[in-house]
Each structure stands twice: as structure tokens, then as C-alpha cells.
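Trainee: Throughout, the numbering used here is defined as the position within the sequence shown, counted from one, plus 230. One structure coming up, written as C-alpha cells, with questions to follow.
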Amino acid sequence: MKKIGPLEWDNELCKFCNLCVQMCPQKCLQFKGKELVIESSCLKCGICTKYCPEMGLQLAKDSEDRKEQKQDTEENKK
Ligand code: SF4
Ligand code: SF4
């Protein structure tokens, strides 16, 4: 998982289908070789993450929430 701007991109799940790049209304995503790069014009709208068929892209806040939830449930088990 790589942090790119406000997003987290899982380069192991990514199939380089280019959908996220095409769907971004700001045209701020692009591939440079095998690296996804983002420009600062990103609106954090999350549209790109919804189109990714591999679940390889998410807003970083979502993943932090999920991590916290996981920690919560793990703590509840103790
Ligand atoms: S969050 Fe929105 S603006 Fe940012 S890269 Fe994804 S689609 Fe583009
Ligand atoms: S939509 Fe998902 S699988 Fe396709 S290029 Fe973007 S991150 Fe990779």
C-alpha cells in the first residue's frame, strides 16, 4: 500500500486498467511507468476509488477509520 496524496494505492492489487485515471473528474491521476501519481488538484472526492475493480484504491481516511475499528474490536475481545 502506497500513500499518494489523500489516497492509498495498493500496487499489488492494481491491474493497471487505467479506469481510475479515466474517471477522475480533475484528471489529476496518471501512471508514470508502474507508479500511480497524483496532482495536488485532487478534490478527495473518492470517485476514482469507487471505480477501481480491484479495490486497490481508497481514500486514506477510510483506511484509518477501518484500522481504528479493527483495533476497537480487537480491544473489545481482551
Ligand atoms: S479523489 Fe477524486 S479528484 Fe482525487 S484522484 Fe480520485 S477521482 Fe480524482
Ligand atoms: S482502477 Fe484500480 S486497478 Fe485500475 S489502474 Fe486504477 S488503481 Fe489500478
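Here a beta-carbon is modelled for each residue, glycine too, at the ideal position from N, C-alpha and C. Quick caveat, the model's predicted, so the values are computed rather than measured.
One question on the structure: do residue 245 and residue 239 come within less than 8 Å of each other, judged by their Cβ atoms?
Mentor: In this structure, residue 239 does not lie closer than 8 Å to residue 245 by Cβ.
Trainee: Distance check for residue 290 and residue 251, CA to CA, integer angstroms please.
Mentor: The alpha-carbon atoms of residue 251 and residue 290 are separated by roughly 18 Å.
Trainee: What residues in its chain sit with their C-beta under 7 Å from that of residue 278, if we drop five residues either side in the sequence?
Mentor: Correct list, in chain order: 250, 253, 254, 259 and 287.
Trainee: For residue 269 and residue 263, what's the separation of their Cα atoms in angstroms?
Mentor: Straight-line Cα distance between these residues: approximately 16 Å.
Trainee: Less than 8 Å between the beta carbons of residue 236 and residue 282, yes or no?
Mentor: No, Cβ-Cβ distance for residue 236 and residue 282 is not below 8 Å.
Trainee: Can we count residue 291 as close to ligand 1, meaning its CB is less than 7 Å from some heavy atom?
Mentor: Result no, Cβ not under 7 Å from ligand 1.
Trainee: What is the rounded straight-line gap between the Cα of residue 257 and the Cα of residue 242?
Mentor: Using only the alpha carbons, I get a separation of about 23 Å.
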